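Since the structure comes first, as structure tokens, the remarks are kept for the end.
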Amino acid sequence: MTGPSPTRRTFLLAAGVGATALAGCGEIGSRSGRDTDPIPVGRLPDVPGAGESKPAVEDAVPVDIERERLGRTAARVTDLLATLPTPFGPSDVPNGSIRHELLEASEAATDHLDDARSATTRLSAMLSLRRARAEARYAAEGWAFVEDGRAETALREERRATASEAETFRSTHEYLGDDPVRAAVAHAHIERTLRRIIEDRTPAIGGRPGALLTVARWGEHAESGRAALDDSRYLYDRFETALPPNAGTVTATLGAAAESLTADLGRRREALPPEPTEAGGAPVDRLRHRLRRDAESSAENASGGAPAETVVDAVAGITAFLAHDRVLRRIEDGERFRATSGSDVRTVRSEAVSAIRTALEESPEPALARGVLADAAVLVTHADDELARYRRSVRAARLDAPVRRYVAATVRARSAPAACRQVADAFET
Amino acid sequence: MTPPTRRRLLRTVAAAAVGTAGCGRLLGDESSSSRSVSERSGGTLPGGTTETDPDTVSLRGDTDGHPIRLGDPSGTPAASARRGRHPTRSSHAVIDTRSRARRLTVADGVDADAVSSFRSATAFGSETLYLETKPVEACFRLRLCGISWTPTAVRTAYVRQRRPYDARCSADEDVFESRLVRIPDGLRRDDVDSYGSSTSERGRCDGDGPAGVGRPGPDAATGISPTDARREGTE
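Going down the list, the protein sequences come from chains A and B.
All residue numbers for the first sequence refer to the numbering used here, where the first residue is 6 and numbers rise by one.
All residue numbers for the second sequence refer to the numbering used here, where the first residue is 3 and numbers rise by one.
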């Protein structure tokens with residue numbers, strides 16, 4: 006693991022942020038000059054460098070994932086990477102672009118290993134390691150194409166066999182548990198992972214059949230499927246093992262909750278006010294439209310899913326409706342979600358991070374809220390990445406997108422506890 | 003959250019493009035020689051004609067200059083191909099007469115016969131040559147998906163394909179590809195005042211190209227420069 010990366014502000018100091026001052030940007034934040042006065046980046050939130058921002062909250066499952074299990078997966082990654090020659094040069098793969106692809110995959114695998122080491126939850130570490138396995142296999146199979154004449158056929162078959170095993174596993178999935186909330190979160194993760202293995206049969210391939218990178222891509226696809234299935238089985242077994250001997254199933258509870266929550270989302274959708282006809286491209290319109298679309302699609306997609314996934318997704322769905330309501334109220338109060346100064350951006354970012362942390366503490370069932378809050382936290386990192394692109398100064402209008410993301414993260418986080426409460430209530434009725 | 007690597011980002015973009023294309027046919031199927039011409043009323047050239055399988059000769063050069071050039075009447079390369087120390091990145095020209103076609107020259111070491119015979123086989127008056135040169139990363143090659151035209155406009159659509167793994171090339175270098183495309187129509191150079199070209203990253207031709215060109219079509223006569231001894235083909 007490398008040390009902490011320098012923040013953008015540190016970088017700017019090193020790069021000579023004084024130049025901005027010399028350039029005469031002077032005092033910023035003039036309310037009257039939104040479209041003309043650039044805002045020096047030093048006035049913006051002190052975000053990490055591009056790609057370095059870490060989410061304030063990460064997803065988790067109520068399963069005791071063993072450190073040794075994570076270590077074994079990491080070893081699989083390093084074993085795969087060890088198959089590549091060192092150094093990896095033109096004599097190995099003459100095509101510089103393809104060589105670059107394979108090297109980049111091996112670097113991505115290493116990055117994901119680092120992410121796993123610094124993850125704040127075991128599930129997050131497990132997911133990073135899964136990505137690391139897939140990237141490492143991509144590189145390894147690309148090299149195996151050269152070294153051993155690896156073809157797609159065996160890799161396609163490997164993925165097909167994994168999907169077939171996932172189908173069998175799904176057909177025997179029992180909703181064991183003694184607490185419906187914990188069971189819903191654990192089983193939803195397993196359901197979702199199995200569904201993706203089964204549905205995502207063919208990777209997106211830009212190259213030709215039989216080409217090196219096509220084989221590499223199938224290797225990645227085979228590995229990601231296998232890793233996802235391995236993890237799902239592990240989580241299922243660990244969850245079951247931790248249950249008391251007389252624990253039954255929560256199938257009926259989950260099914261009834263899924264049904265009532267689906268109906269609830271449908272009612273919320275019906276009750277949405279009409280969209281303003283004059284809506285345009287202003288930040289306020291975009292934010293309102295985005296949140297409304299999230300809410301509507303959560304209601305549309307609610308029915309027909311697996312029970313645990315439906316219940317957990319309902320937390321996000323209800324959160325989306327409540328967040329939409331919040332934004333409508335703020336719009337009525339005159340807010341326009343446009344930053345005119347660096348201070349404005351610092352405020353909205355700080356509100357977002359604080360709202361996410363607070364919501365986790367205030368949620369009646371933190372396990373249910375985590376997924377939604379982790380998504381909101383990722384939104385914050387995306388906005389951070391956007392801010393990190395600017396080196397010297399930025400026009401206020403360019404801050405609309407990151408501000409929108411910070412505000413969306415805030416209203417979602419603030420809505421999450423109430424959504425959790427409603428979902429938890431659905432288990433009682 | 004980890005930012006996607008460039009590779010993963012590109013893959014996502016490619017996946018989205020493939021998803022939109024809805025075209026399962028991969029390039030590399032170079033056996034077809036059929037010609038398809040369609041009248042189109044929409045797209046970027048309203049009322050234009052599109053050919054997805056035009057007669058073509060294409061030459062690949064190196065980093066220094068355009069493999070095919072249109073010289074001025076005195077025989078020296080046109081200004082558009084020798085501006086500054088380095089050649090212009092892209093260039094295009096409508097060649098509507100035999101005398102203008104005689105001004106076509108090729109770079110040293112490039113297969114001049116391919117150009118010469120292609121020029122000779124063109125019936126100027128009812129056919130027109132379109133010369134286009136584009137830069138491409140050395141580890142890639144361009145494939146012409148089609149050409150659209152009206153009496154006043156020409157559009158081309160390409161896809162970029164990766165070369166085989168054993169083609170020795172640098173990821174940081176660009177080379178030039180020049181193409182002569184035979185348009186089965188008597189365009190007049192002075193009437194044409196609009197040009198356009200698109201290059202898709204998705205690696206396959208489809209019906210959604212910006213030039214409005216249709217299904218995949220092979221380059222009819224892909225001639226690779228003798229100076230470029232690297233194997234072309236299957237990646």
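Built from N, CA and C at the ideal position, the CB exists for glycine as well.
These figures come from a predicted structure and were not determined experimentally.
Coil, strand or helix - residue i by DSSP
i	result
B/Tyr160	strand
A/Leu270	helix
B/His94	strand
A/Leu292	helix
B/Ala155	strand
B/Asp195	coil
A/Arg14	Confidence in A/Arg14 is poor, its pLDDT being 34 and thus under 50, which makes the residue's placement unreliable; the coordinate value appears in the next sentence. Three-state DSSP puts A/Arg14 in a helix.
B/Glu129	strand
A/Gly56	coil
B/Phe178	strand
A/Phe93	coil
A/Arg81	helix
B/Asp55	coil
B/Ile185	strand
A/Phe326	helix
B/Cys141	coil
B/Gly148	strand
A/Leu404	helix
A/Leu333	helix
Chain B contact for residue i (CB, 8 Å cutoff)
i	result
A/His226	no
A/Ile441	In the structure displayed, chain A extends from 6 to 434; residue 441 of chain A sits before or after that span and is not available.
A/Asn100	yes
A/Ile361	no
A/Pro95	yes
A/Val151	yes
A/Ala421	no
CB contact below 8 Å: residue i versus chain A
i	result
B/Pro137	no
B/Phe126	no
B/Pro141	Before going on, a small fix: residue 141 of chain B reads as Cys here, not Pro. At least one chain A Cβ lies under 8 Å of B/Cys141.
B/Arg145	no
B/Arg191	no
B/Gly205	yes
Classification of residue i by the beta-carbon crowding that lies within 10 angstroms, buried from 16 upward
i	result
A/Ala360	buried
A/Thr198	buried
B/Ser93	buried
B/Ser150	buried
A/Thr254	exposed
A/Thr1	This structure cannot speak to residue 1 of chain A, because chain A is shown only from 6 to 434.
A/Gly339	exposed
B/Gly111	exposed
B/Val188	It should be noted that the sequence gives Gly, not Val, for residue 188 of chain B. Exposed, since its Cβ has fewer than 16 Cβ neighbours within 10 Å.
A/Asn251	exposed
A/Glu444	Here chain A covers residues 6 to 434 and nothing more, so residue 444 of chain A does not appear.
A/Gly309	exposed
B/Arg58	The question names Arg, but residue 58 of chain B in the sequence shown is Thr. So B/Thr58 counts as buried.
A/Asp318	buried
A/Pro422	buried
A/Pro185	buried
Going along the region 160-188 of chain B in order, which residues come within less than 9 Å of chain A, judged by CB to CB distance?
-> Gln163, Arg164, Arg165, Pro166, Tyr167, Asp168, Ala169, Arg170, Cys171, Ser172, Ala173, Asp174 and Glu175
Using a beta-carbon distance cut-off of less than 9 Å, what residues from the region 213-225 of chain A approach chain B?
-> Arg213, Pro214, Gly215, Ala216, Leu217, Leu218, Thr219 and Arg222
Check whether the region 240-248 of chain A touches the region 64-78 of chain A, taking contact to mean three or more Cβ pairs, one atom from each stretch, closer than 8 Å.
-> yes
If you measure beta-carbon to beta-carbon, which residues of the region 192-212 of chain A are closer than 9 Å to chain B?
-> Pro208, Ala209, Ile210, Gly211 and Gly212
Three or more C-beta pairs closer than 8 Å, one from the region 269-277 of chain A and one from the region 317-328 of chain A: is that the case here?
-> yes
Would you call the region 344-353 of chain A and the region 390-409 of chain A in contact, with 3 or more CB pairs under 8 Å?
-> yes
Determine which residues of the region 50-75 of chain B have a Cβ less than 7 Å from any Cβ of chain A, and write them out in chain order.
-> none
The region 380-392 of chain A contacting the region 39-53 of chain A, beta-carbon criterion three pairs below 8 Å = yes
Check whether the region 117-129 of chain B touches the region 167-179 of chain B, taking contact to mean three or more Cβ pairs, one atom from each stretch, closer than 8 Å.
-> no
Three-pair Cβ contact test at 8 Å for the region 169-189 of chain A versus the region 116-129 of chain A = no
Between the region 421-429 of chain A and the region 81-90 of chain A, do at least 3 Cβ pairs fall closer than 8 Å?
-> no
Is the region 212-229 of chain A close to the region 140-148 of chain A, with three or more CB pairs under 8 Å?
-> yes
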